[in-house]
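**Student:** Please find one structure pasted underneath; my questions will follow.
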Amino acid sequence: MPEQAFNQKNIRNFSIIAHIDHGKSTLSDRLIQFCGGLADREMAEQVLDSMDIERERGITIKAQSVTLHYKAKDGETYQLNFIDTPGHVDFSYEVSRSLAGCEGALLVVDAAQGVEAQTLANCYTALEMNLEVVPILNKIDLPSAEPMRVAEEIEDIVGIEAIDAVQCSAKTGIGIEDVLERIVKQIPPPEGDPEAPVQALIIDSWFDNYQGVVSLVRVKNGVIRAGDKMKVMSTGQSHLIDKVGFFSPKQTESGVLRSGEVGFVIAGIKDIHGAPVGDTLTLTKNAADKALPGFKKSKPQVYAGMFPISSDDYESFRDALGKLSLNDASLFYEPENSGALGFGFRVGFLGMLHMEIIQERLEREYDIDLITTAPTVVYKVLKKDGTEVMVDNPTNLPPINDIDTIFEPIVEANILVPQEYLGNVITLCVDKRGYQTKMVYHGKQVAVTYELPMAEVVMDFFDRLKSTSRGYASLDYQFKHFQEADMVRVDIMINGDRVDALAMITHRNNSQGRGRELVEKMRELIPRQMFDIAIQAAIGGHIIARSTVKQLRKNVLAKCYGGDVSRKKKLLAKQKEGKKRMKTLGNVEVPQEAFLAVLKVGK
Amino acid sequence: MLPPLALYIHVPWCIQKCPYCDFNSHALKQDIPEQAYINRLLDDLRADLADVQQRPLNSIFIGGGTPSLLSADAINRLLQGVQQLIPLAPNCEITLEANPGTFEIERFAGYVRAGVTRLSIGVQSLSASQLQRLGRIHDPEQARLAAKHAGQLGLNSFNLDLMHGLPEQTLADAMADLDGIIALQPPHISWYQLTIEPNTAFASRPPQLPDDDILWDIQQQGHDKLIAAGYQQYEVSAYAKPGHQSKHNRNYWEFGDYLGIGCGAHSKITVMTDNGLSIRRCEKIKHPQGYLDLTRPLRYRSWTVAEDELPFEFFMNYLRLFEAIPKQLFVERTGLELARAEQALASAKTKQLIDDDQQYWHTTELGRRYLNSILDDMVGND
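Residue numbers (our numbering), protein chains in the order written: chain Y, 1 to 603; chain G, 1001 to 1382.
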């Protein structure tokens, strides 16, 4: 089919790699607008971030795609498939998925700020995957923009040519056409044989209430048509394809997807695990004999307990987690039973941001009030009997006498920081038990690599790194290995009762200080009640810190006359509303935030 | 049987608005339209006559705002008008709230001639700097004079209002204030803690209040002082010499009925129905301008209190009286079965905030300190 061959030559598949705030969303909106993907009135700001949370926080969580048609200066019309990528370090795993569907990537760098570590990590991923990386200098309209310096920095740090990088401003629209021209010229068309047996890579799958599982795929070889019978290669299950098509960014049925193209496939699959991300689709007729190389499954890095405040919500909480996990293959959960908090779930997350987002979605979209316990990393424990256990919950740490050695997870953290803040960053890393392995100067920036305990990194490290460098330092990290460490469990007791949900695992050297800070923090967070409340921190049977929430002296309205009744009623109702969000432990009412107090200590 | 009936009359004007006050009061911009307002009050009462249901008035309370901005003549006309519409019970208590300003003090005798039997004087503090901070326009000397004067008028009783827990107040400051008040020998003292109410100047710019421990010491020591001086505490903030409790306020706390006339006044009226009783509340138009507009109805809104809310309303009021609560009275006043009250108090009982026997509920020592906790289980379940 000559028409098809022609098409494939004019296809360009690309992603955008950019740091948060460097203008990825604005740039994608501009590209869509320029190519007429949406009428102006349909341009809800930042169309690709379709979840409310994505738009509010200005971040992308899920990969999405859009197919555009661009008539280039050479007179030809090109099909541009743009696959969006998440920008936050928690979601770097999803980036590699998006990149797997592309031949090229736009490296968008803020011309005023320069390269950031996260961008760099993603950029290296792209280069490793043999993608053509096209540097773009954005925000050149800013008075503080230094395109030449930043171009040099890209060359120096990333190691790609950037002197003639496109200069644009997604905000004002300057240079947008140049970006499109560069995509067409520099990114190669997809290879692949339309006549060969079908092989399509599942870049992402999500569950839609009306359509079932929708899979975003990149067709590597062959042609997929609606009505074909497809086979999911890992499971061997076959399904009749209902619909195929593109996102323009509206879902548009085309009836056919050819080799080189990116689009959606809907085949009436009811469970997201029926179309796993990274899997290969083929057809039952003339099936491919080999699956495409997929990508490794993401593993949760931190675990936290999540418990509904009201036990009546348990069922709806379980349903909500089930629904969320339909769209989030990296979300892991299993039932957990806490003496203090009752029935809930142990939930695994990619990182703290992921955790915050899940908690927010559960509370907002599913209207469930939750208590989240302090997140913890996974420790490897060698017991004296020679067995090894993985511990993702402080409560499950074996008794001290049974433990031979505890190993904590260590990450390799790559930090990019302007020279003037290097000292602060080093101080922070040392404070967090870090060990420097590499330091390279690139012009104004320094790339420094540390081995750091993951437990220290996942908590507040990112925030502190940002504040100690006035926002300039950036971070990327990945798990490196387990390392022996002198860890202990600090238990918290409220009025003498051990509260399992408040236990934390910490390094012995920090345990005294953190215990003290923690009981102090708890004292501030727990409101005065009808009796004194003793808060103690203990290691084993040894009390290391103590504080007391003093008794509330009285809780009485000073006055109340005839006309006051309605107003006073409102006042008391409001007080009670506040209490509803507290958990009663024994007879002590403990607010939600107290369970996350661990995060506030050790600063 | 219907509960006893009281009448509240609201006078909405003040010379200036105090920063802690959340009552319906309006700073006076010109002379009070006395005649027009009295006429309107009597119209208001006339429209409510059906709610009287053959009951005499046990008490009348003219509150505000600052009722002592009205002339003695006006009060006379008002009270005459009321008596023509509703008979007064023997010994009907008629209270008027007054500011201890020189100008008002001169009117006291006239008020007594008009029928007022009790004055309630808003002293609030005897510290000049505190008075200023509270937005009061009188000074300590005027307050003393007003109290002295009130004692010589042949009134049945009078009350002095005193606040504590004032901005930056120390224990010694508060005790000095209280000593000063006791020395004036009022038969009744309303001694209440300053609370920051929403929608007040203090709420938008909160002053530095004493901490909980100081407040507690003030309350403990002040209470002892009042008891030693011969006062009895009969409500959270009300202290009286024997025989001088306020009938009118007791009626609120005993969940009696009341008519409210004047700007923003509230009524609570019990109505017998085929299947027991129901309680109706009503609120009058709040702003003087609207209230004085002859073309507009005086009732702003009225509603029937939901059955579910009756235990809360009953106990929120009655618990304030530090005395045994007759179980029979709950049934009488709410029309609900006793079981509803027992249910509402169950968790307070396990927390030992409430005790009971066959006929009465008793608030425990602990319960008196945590009245709001007793009410907790009754509120917000709608």
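We put the CB at the ideal spot given by N, CA and C, even for glycine.
Tell me whether the beta-carbon of Leu1088 of chain G lies closer than 8 Å to the beta-carbon of Leu1119 of chain G.
**Tutor:** Mapped onto the second sequence, residue 1088 of chain G falls at position 88. Mapped onto the second sequence, residue 1119 of chain G falls at position 119. Against a cut-off of 8 Å, the Cβ pair of Leu1119 of chain G and Leu1088 of chain G comes out as no contact.
**Student:** Going by other Cβ atoms of all chains shown within 10 Å of its Cβ, with 16 needed for buried, is Glu191 of chain Y buried or exposed?
**Tutor:** Walking along the first sequence from the start, residue 191 of chain Y turns up at place 191. Exposed, because fewer than 16 other Cβ atoms sit within 10 Å of the Cβ of Glu191 of chain Y.
**Student:** Can you tell me the Cα-Cα spacing of Asn13 of chain Y and Glu181 of chain Y, whole angstroms?
**Tutor:** Taking the first sequence and counting its residues from 1, the one referred to as residue 13 of chain Y is at position 13. Taking the first sequence and counting its residues from 1, the one referred to as residue 181 of chain Y is at position 181. Straight-line Cα distance between these residues: approximately 14 Å.
**Student:** Counting only beta-carbon separations shorter than 8 Å, does Asn1159 of chain G have a partner in chain Y?
**Tutor:** In the second sequence, residue 1159 of chain G corresponds to position 159, counting from 1. No, Asn1159 of chain G does not count as interfacial toward chain Y.
**Student:** Apart from the five residues just before and just after Asp1376 of chain G, which ones in its own chain have a Cβ nearer than 7 Å to its Cβ?
**Tutor:** One-based indexing of the second sequence puts residue 1376 of chain G at position 376. Setting aside the 5 residues that flank it on each side, Asp1376 of chain G has no residue in the same chain whose C-beta is closer than 7 Å to its C-beta.
**Student:** Could you tell me the distance, in whole angstroms, from the CA atom of Ile1060 of chain G to the CA atom of Thr1270 of chain G?
**Tutor:** For the purposes of this step, residue 1060 of chain G is taken as the residue at position 60 of the second sequence. For the purposes of this step, residue 1270 of chain G is taken as the residue at position 270 of the second sequence. In a straight line, the C-alpha of Ile1060 of chain G is about 18 Å away from that of Thr1270 of chain G.
**Student:** Going by DSSP, name the residue or residues bridged to Gly104 of chain Y.
**Tutor:** If you number the first sequence from 1, residue 104 of chain Y lands on position 104. DSSP output for Gly104 of chain Y lists Y:Phe14, Y:Glu132 as bridge partner(s).
**Student:** Could you give the residue range of the beta strand (DSSP E) that holds Ser1190 of chain G?
**Tutor:** Reading the second sequence from its first residue, position 190 is the one you call residue 1190 of chain G. Unbroken beta strand (DSSP E) run through Ser1190 of chain G: 1188-1193.
**Student:** Looking at C-alpha atoms only, which residue of Y:Gln536, Y:His442, Y:Met355 is the closest neighbour of Asp156 of chain Y?
**Tutor:** Mapped onto the first sequence, residue 156 of chain Y falls at position 156. Among Y:Gln536, Y:His442, Y:Met355, the Cα nearest to that of Asp156 of chain Y belongs to Y:His442.
**Student:** Out of Y:Val108, Y:Asp84, Y:Tyr210, which has the shortest C-alpha to C-alpha gap to Leu99 of chain Y?
**Tutor:** Locating residue 99 of chain Y in the first sequence gives position 99, counting from the first residue. Considering only alpha carbons, the answer is Y:Asp84.
**Student:** Can you name the residues of chain G whose CB is closer than 7 Å to the CB of Lys559 of chain Y?
**Tutor:** Mapped onto the first sequence, residue 559 of chain Y falls at position 559. Among the residues of chain G, those whose CB is under 7 Å from the CB of Lys559 of chain Y are Tyr1192, Ser1237, following chain order.
**Student:** With a cut-off of 8 Å on the beta carbons, I'd call Gln301 of chain Y and Leu350 of chain Y a contact; round off their distance for me.
**Tutor:** For the purposes of this step, residue 301 of chain Y is taken as the residue at position 301 of the first sequence. For the purposes of this step, residue 350 of chain Y is taken as the residue at position 350 of the first sequence. The pair is a contact, with the Cβ atoms about 6 Å apart (cut-off 8 Å).
**Student:** Nearest-angstrom Cα distance between Ala957 of chain G and Tyr1234 of chain G?
**Tutor:** In the structure displayed, chain G extends from 1001 to 1382; residue 957 of chain G sits before or after that span and is not available.
**Student:** Would you please state the rounded distance, in angstroms, between the beta carbons of Val166 of chain Y and Val179 of chain Y? I believe it to be under 8 Å.
**Tutor:** Numbered from 1 along the first sequence, position 166 holds the residue referred to as residue 166 of chain Y. Numbered from 1 along the first sequence, position 179 holds the residue referred to as residue 179 of chain Y. About 5 Å separates the beta carbons of Val166 of chain Y and Val179 of chain Y, which is inside the 8 Å limit, making them a contact pair.
**Student:** Closer than 7 Å by C-beta to Arg1136 of chain G: which residues in its own chain qualify, once you throw out the five before and the five after it? Chain order, please.
**Tutor:** Counting from 1 along the second sequence, the entry for residue 1136 of chain G is found at position 136. Cβ within range, chain order: Cys1018, Gln1124.
**Student:** Using a C-beta cutoff of 8 Å, does Leu572 of chain Y count as contacting chain G?
**Tutor:** Looking up residue 572 of chain Y in the first sequence gives position 572. It does; some Cβ of chain G falls within 8 Å.
**Student:** According to the neighbour-count rule (16 or more other Cβ atoms, all chains shown, within 10 Å of its Cβ), is Thr373 of chain Y buried or exposed?
**Tutor:** Taking the first residue of the first sequence as 1, we reach residue 373 of chain Y at position 373. By the Cβ neighbour-count rule, Thr373 of chain Y is buried, with 16 or more other Cβ atoms within 10 Å of its own.
**Student:** Which runs of the beta strand (DSSP E) fall wholly inside the region 162-196 of chain Y and span at least 3 residues, in chain order?
**Tutor:** none
**Student:** Rounded to the nearest angstrom, what separates Leu281 of chain Y and His273 of chain Y at their Cα positions?
**Tutor:** For the purposes of this step, residue 281 of chain Y is identified with residue 281 of the first sequence, where counting begins at 1. For the purposes of this step, residue 273 of chain Y is identified with residue 273 of the first sequence, where counting begins at 1. Their Cα atoms are separated by approximately 14 Å.
**Student:** For the region 1215-1227 of chain G, list every residue whose C-beta sits within 8 Å of some C-beta in chain Y, in sequence order.
**Tutor:** From the region 1215-1227 of chain G, only Leu1215, Trp1216, Gln1219 have a Cβ closer than 8 Å to chain Y.
**Student:** Give me the Cα-Cα distance between Gly344 of chain Y and Lys559 of chain Y, rounded to the nearest whole angstrom.
**Tutor:** For the purposes of this step, residue 344 of chain Y is taken as residue 344 along the first sequence, with counting starting at 1. For the purposes of this step, residue 559 of chain Y is taken as residue 559 along the first sequence, with counting starting at 1. About 43 Å.
**Student:** Could you name the residues that DSSP lists as bridge partners for Asp1161 of chain G?
**Tutor:** The residue labelled residue 1161 of chain G in the question sits at position 161 within the second sequence. Partner(s): G:Ser1190.
**Student:** Alpha carbon to alpha carbon, how far is Glu116 of chain Y from Val446 of chain Y? Give it in angstroms, no decimals.
**Tutor:** Walking along the first sequence from the start, residue 446 of chain Y turns up at place 446. Walking along the first sequence from the start, residue 116 of chain Y turns up at place 116. Those two C-alpha atoms are separated by around 11 Å.
**Student:** Given this structure, state the Cα-to-Cα distance separating Pro1004 of chain G from Val549 of chain Y, to the nearest angstrom.
**Tutor:** One-based indexing of the second sequence puts residue 1004 of chain G at position 4. One-based indexing of the first sequence puts residue 549 of chain Y at position 549. Their backbone Cα atoms lie some 46 Å apart in a straight line.
**Student:** Which residue marks the beginning of the beta strand (DSSP E) containing Val347 of chain Y, and which one marks its end?
**Tutor:** In the first sequence, counting from the first residue as 1, residue 347 of chain Y sits at position 347. Looking at the DSSP string, the run of the beta strand (DSSP E) that includes Val347 of chain Y is 342-349.
**Student:** Which class does Ala538 of chain Y belong to by DSSP, given the choice of helix, strand or coil?
**Tutor:** The count along the first sequence starts at 1 and reaches residue 538 of chain Y at position 538. Residue state, collapsed to three classes: strand.
**Student:** Decide if Tyr670 of chain Y is buried, meaning its Cβ has at least 16 other Cβ atoms within 10 Å, or exposed.
**Tutor:** Because chain Y is modelled from 1 through 603, residue 670 of chain Y falls outside the range shown and cannot be assessed.
**Student:** Taking just the CA atoms, how far does Glu451 of chain Y sit from Asn286 of chain Y?
**Tutor:** The sequence position of residue 286 of chain Y within the first sequence is 286, counting from 1. The sequence position of residue 451 of chain Y within the first sequence is 451, counting from 1. A straight-line Cα-Cα distance of about 50 Å links Asn286 of chain Y and Glu451 of chain Y.
**Student:** Pull up the CB-CB distance for Arg581 of chain Y and Asp312 of chain Y, whole angstroms please, since I reckon it's below 8 Å.
**Tutor:** To locate residue 581 of chain Y, count along the first sequence from 1; it is residue 581. To locate residue 312 of chain Y, count along the first sequence from 1; it is residue 312. Actually they are not in contact, since the Cβ atoms of Arg581 of chain Y and Asp312 of chain Y sit about 15 Å apart, beyond 8 Å.
**Student:** For the alpha helix (DSSP H) containing Arg1205 of chain G, list its first residue and its last residue.
**Tutor:** Reading the second sequence from its first residue, position 205 is the one you call residue 1205 of chain G. From DSSP, Arg1205 of chain G is part of no alpha helix (DSSP H); its letter is neither H nor E.
**Student:** Name the one or two DSSP bridge partners that Tyr1258 of chain G has.
**Tutor:** Locating residue 1258 of chain G in the second sequence gives position 258, where the first residue counts as 1. Paired residues: G:Ala1006, G:Lys1268.
**Student:** Does the Cβ of Lys220 of chain Y have 16 or more other Cβ atoms within 10 Å, making it buried, or fewer, making it exposed?
**Tutor:** Taking the first residue of the first sequence as position 1, residue 220 of chain Y is located at position 220. Buried, since its Cβ has 16 or more Cβ neighbours within 10 Å.
**Student:** Terminal residues of the continuous beta strand (DSSP E) containing Asn1039 of chain G?
**Tutor:** Residue mapping note: residue 1039 of chain G aligns to position 39 of the second sequence, counting from 1. Run containing Asn1039 of chain G: none in the beta strand (DSSP E); it sits in the alpha helix (DSSP H), 1034-1047.
**Student:** If you run the structure through DSSP and keep just helix, strand and coil, what is Glu408 of chain Y?
**Tutor:** Position 408 of the first sequence, counted from the first residue, corresponds to residue 408 of chain Y. Strand, per DSSP.
**Student:** Quick one: measure Cβ to Cβ for Met160 of chain Y and Val133 of chain Y, integer angstroms, because I've assumed they're closer than 8 Å.
**Tutor:** In the first sequence, residue 160 of chain Y corresponds to position 160, counting from 1. In the first sequence, residue 133 of chain Y corresponds to position 133, counting from 1. This sequence places Ile at residue 160 of chain Y; Met is not what is there. Right, the Cβ-Cβ distance comes to about 5 Å (below 8 Å), so this counts as a contact.
**Student:** Quick check: the Cα distance between Tyr1258 of chain G and Met1001 of chain G, rounded to an integer number of angstroms?
**Tutor:** By one-based count along the second sequence, residue 1258 of chain G stands at place 258. By one-based count along the second sequence, residue 1001 of chain G stands at place 1. Straight-line Cα distance between these residues: approximately 15 Å.
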